[in-house]
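Please read the structure below before turning to the comments.
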Amino acid sequence: MEREIIKTADGSYTLFVPALNEHYHSVHGALTESLHVYIQEGLRFAENHFQEIKLLEIGLGTGLNLFLTLQHAQKKVFYTALEPYPLEVNLIKHLHTNMVEKELAVKVNIAECNKWHSLTPLFSYIKKTEKVEITELPFEEYHLVYFDAFAPRVQSEIWTEQVFYKLYQSMQLHAVLVTYCCKGDVRRALKSAGFWVEKLPGPPGKREMLRAVKK
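According to the numbering used here, the sequence shown is numbered sequentially starting from 264.
Given below as structure tokens:
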């Protein structure tokens, strides 16, 4: 599938998929969006409740959320990323202008799947090319979920009560799920799955986002 590299409003880069008419991140700022939704409202929230962070990301994509978590985490992180459509390494190389970031991105991209890797003594990750709607998830394992899939109009099969309930079952008590999407259908599906859901101010270009807590 063709993907085009796009510069966003904050100077960071994302990908555009013409066939889907969909961007991987906000054109108003890829970096700004990820920092706001996943680091500020997700990681920081989880770090206030847990001594270590077992994290599940739905949609590794360009790896931006992984790299930001590595950079900003204040506690030990075990990062599991589900990405059924991994990017080609040449595309990853062209997404990054900083040499250190480029080398790290390539290292993660070419790392063997279904195997744990360490980037630092406090940060380990595993990649899986499995779809969340059909994979088996461990019971009450995760403290934090980054739900960063394509929008519901593109990937409607995973923005469902059934998928959210599967995630709910995989999360520990007081664990948190964050996502950029604030559609009414998504909010209702999260509530039906058992989550306590709140709307929060969104990043630039988006009025609101969602945070869902297992209580």
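Cβ coordinates follow ideal geometry from the N, Cα and C atoms, glycine included.
Classification of residue i by the beta-carbon crowding that lies within 10 angstroms, buried from 16 upward
| i | result |
| --- | --- |
| Val472 | Note on identity: in this sequence residue 472 is Met, with Val being the wrong assignment. Buried is the call here. |
| Arg474 | buried |
| Ala438 | buried |
| His357 | exposed |
| Asn377 | exposed |
| Met362 | exposed |
| Gly326 | buried |
| Lys234 | Missing from the structure shown is residue 234; the chain here goes from 264 to 478 and no further. |
| Phe308 | buried |
| Lys370 | exposed |
| Gly292 | buried |
| Met264 | exposed |
| Leu436 | exposed |
| Arg450 | buried |
| Ser275 | buried |
Check whether residue i and residue j have beta carbons under 8 Å apart
| i | j | result |
| --- | --- | --- |
| Asp411 | Glu320 | yes |
| Leu453 | Phe413 | no |
| Glu420 | Thr392 | no |
| Ile268 | Val290 | no |
| Lys338 | Glu296 | no |
| Lys478 | Trp459 | yes |
| Ile302 | Leu329 | no |
| Arg266 | Leu354 | yes |
| His299 | Pro466 | yes |
| Leu367 | Ala344 | no |
Residues that residue i bridges to, as DSSP identifies them
| i | result |
| --- | --- |
| Val340 | Ile316 and Phe386 |
| Phe308 | Paired residue(s): none; Phe308 is not in a bridge. |
| Ile321 | Leu345 and Phe410 |
| His291 | Beta-bridge pairing links His291 to no other residue. |
| Thr360 | Per DSSP, none; premise fails for Thr360. |
| Ile268 | Leu278 |
| Glu285 | Val280 |
Any chain D beta carbon closer than 8 Å to residue i
| i | result |
| --- | --- |
| Val449 | The structure shown has no chain D; it contains just one protein chain. |
At 4 residues or longer, and completely inside the stretch 377-434: list those alpha helix (DSSP H) runs for me, N to C.
424-433
Should the stretch 310-320 be called in touch with the stretch 397-407, which here means at least 3 C-beta pairs below 8 Å?
These segments touch.
Would you call the stretch 368-383 in contact with the stretch 269-287, where contact means no fewer than 3 C-beta pairs closer than 8 Å?
As far as the Cβ criterion goes, the stretch 368-383 does not touch the stretch 269-287, which means the pair count is below three.
Those runs of the alpha helix (DSSP H) which lie wholly inside the stretch 435-475 and span at least 4 residues
447-455, all fully within the stretch 435-475.
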